[in-house]
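These notes concern the structure reproduced below.
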Amino acid sequence: MMRLIFLFAVITFAAAAPQQPDKVIAILKQDFDQQPDGSYVYSYETENGIKAEETGTLKKATGPDTSDVIIAQGGFSYTAPDGTVINLNYIADDENGFKPQGDHLPTPPPIPPAIQKALDYLATLPPPPPGRA
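Here the sequence shown stands for residues -16 to -1, 1 to 117, numbered as in mature numbering (1 follows the signal peptide of the UniProt record, and there is no 0).
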């Protein structure tokens, strides 16, 4: 039993040992500008090829039940471990949420013709009466 406890203690100490830090990557360029209204622009570039930029603009509330929001639009790029350059652009707002675009993102398969035909038919039907769904 004592040997088992000693073995677990050695494994625990070995797992808790400080890991070798990765190489420190220098930031080559970094800009940030924030306006008093909350809008902003930032960008940065690192020596390992990572680039990012984003613009945030304030959208005023459209009614008493809503609040001001920031609309963010930007993008980033980096090189994946397999050597592929990944480029992603996005917009994030209060109406559609986060909407990324990039060649590396998966796309859904096309809707099968029979299902599309059914969806087209359902779209032509009148809405159900109130209280019935």
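We treat Cβ as the ideally placed atom computed from N, Cα and C, and that holds for glycine.
Between the C-alpha atoms of residue i and residue j, what's the straight-line distance to the nearest angstrom?
i, j, result
"T46", "I54", "13 Å"
"Q85", "N73", "5 Å"
"L(-10)", "A(-2)", "12 Å"
"V8", "P97", "53 Å"
"T108", "K83", "29 Å"
"D17", "D6", "30 Å"
"T91", "T(-5)", "44 Å"
"Y28", "E38", "10 Å"
"D104", "D87", "29 Å"
"G81", "V(-7)", "49 Å"
"A36", "G59", "6 Å"
"A64", "Q14", "22 Å"
Residues in the same chain with beta-carbon distance under 7 Å from residue i, minus the five sequence neighbours each way, listed in chain order, please.
i, result
"Y62", "G33, I34, I70"
"L42", "D21, G22, S23, D52, I54"
Where DSSP assigns a beta bridge to residue i, which residues make up the other side?
i, result
"V53", "K43"
"A36", "Y28, F60"
Kindly indicate the opening and closing residues of the alpha helix (DSSP H) around residue i.
i, result
"I(-6)", "-15 to -1"
"I70", "Not the alpha helix (DSSP H): I70 falls in the beta strand (DSSP E), residues 69 to 77."
"Q100", "97 to 108"
What first and last residue would you give for the beta strand (DSSP E) that runs through residue i?
i, result
"D15", "11 to 18"
"K83", "81 to 85"
"T30", "24 to 30"
In chain order, what residues of the same chain have a beta carbon less than 6 Å from the beta carbon of residue i, not counting five sequence neighbours either side?
i, result
"D78", "V53"
"Q57", "T39, I75"
Any heavy atom of the ligand ATP within a distance shorter than 6 Å of the CB on residue i?
i, result
"L89", "As far as ligands go, the structure on display features none, and thus does not contain the ligand ATP."
Who are the near neighbours of residue i in its chain, counting only those whose CB is closer than 8 Å to its CB and skipping five residues on each side?
i, result
"A10", "T30, E31"
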